[in-house]
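Each remark here refers to the structure printed beneath this line.
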Amino acid sequence: MKRLFLFLIAAVFAMASTAVYAAERAPLGKGNFALKLDYIVFTDSHFDRGGNQDDGLYVGLEGYGEILPNLYLGGEIGQAANVEMAGEEISFVPLELNMKYAAEVAPKLVIDFGGGISYSYVELQYQVPFGPLQPERDDWLFGAQFFADLTYKINWFSIGLNAKYQVTEDFRDEDLDLNNFRIGVQIGIMF
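Structure, rendered in structure tokens:
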């Protein structure tokens with residue numbers, strides 16, 4: 001019985017020291033910022049018709065702060081565009097509020113996943129080689145997203161890969177949404 005009691009006390013101290021160590025060493029720092037360069041694909045079938053191009057470049061800036069051990073609250077703002085000579089020209093500017101869980105899976109290697117809500121400004125215009133064919137249409141769309149990141153830490157600097165899927169409500173008066181998938185790289189700082 002004494003051995004079991006001593007074993008349990010040792011186990012409690014070992015687990016407590018691990019929890020304290022994790023709390024002292026936040027996987028992504030107490031806060032972090034990152035610049036993202038992503039390939040974005042809009043998934044609505046509307047963009048597959050009539051020569052419309054459904055992909056482009058997304059550039060974003062994200063920032064997070066630790067609210068609990070391994071749990072971060074933050075946001076992202078960015079812009080995506082797929083300017084082309086013929087077809088639908090899309091400008092997409094999402095404003096996101098996200099929460100994510102981060103864990104160090106190996107020394108200096110962090111995986112995180114999370115989700116959030118978004119409010120996105122969208123501007124659409126059908127282009128032909130010599131100018132716009134119809135007036136520009138714009139709208140603000142509510143949405144939600146989920147994502148995962150893999151980050152490698154080098155002191156206070158970080159580099160990584162990210163993937164995100166975002167759903168939006170339908171565009172005003174049209175059977176068209178701006179659901180999208182993004183995959184790309186990010187560079188950032190931690191403090």
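Per the numbering used here, residue 1 is the first one in the sequence shown, and the count goes up by one each step.
From the three backbone atoms N, C-alpha and C, an ideal C-beta is built for every residue, glycine too.
C-beta contact flag for residue i and residue j at 8 Å
i      : j      : result
Asp139 : Val122 : yes
Phe33  : Ile189 : yes
Ser158 : Gly143 : no
Pro135 : Asn70  : no
Asn162 : Gln186 : yes
Leu176 : Asp44  : yes
Phe42  : Asn180 : yes
Collapsed DSSP secondary structure at residue i in the structure displayed
i      : result
Arg3   : helix
Met85  : Here Met85 scores only 42 on pLDDT, less than 50, and its place in the model should not be relied on; the value that follows carries that caveat. In the structure shown, Met85 sits in coil (DSSP, three-state: anything other than H, G, I, E or B).
Ala22  : Caution is warranted here: a pLDDT of 47 is assigned to Ala22, below 50, making its placement in the model unreliable, and no coordinate value can be reported.
Leu178 : coil
For residue j and residue i, believed in contact at Cβ under 8 Å, the rounded distance
i      : j      : result
Tyr72  : Gly78  : About 18 Å separates the two Cβ atoms, so there is no contact after all.
Ile40  : Gly56  : 6 Å
Asp80  : Phe92  : Per the sequence presented here, residue 80 reads as Ala, with Asp not at that position. That pair is a contact at about 4 Å.
Ile90  : Leu61  : Contact doesn't hold; Cβ gap of about 20 Å is too wide.
Glu88  : Tyr126 : 6 Å
Leu97  : Gly75  : 5 Å
Phe171 : Leu150 : At roughly 33 Å, the Cβ-Cβ gap does not stay under 8 Å, so Phe171 and Leu150 are not in contact.
Val105 : Lys153 : Rounded, the Cβ-Cβ distance is 12 Å, inconsistent with contact.
Gly29  : Phe191 : 5 Å
Bridge-paired residues (DSSP) for residue i
i      : result
Gly56  : Ile40
Ser158 : Lys153 and Gly188
Arg172 : Beta-bridge pairing links Arg172 to no other residue.
Ser91  : Ala81 and Glu123
Glu136 : In the DSSP output, where bridge partners are listed per residue, Glu136 has none listed.
Gly65  : Gly31 and Leu73
Taking only runs that begin and end inside the region 98-129, name each unbroken beta strand (DSSP E) of 3 or more residues, in chain order. 109-128
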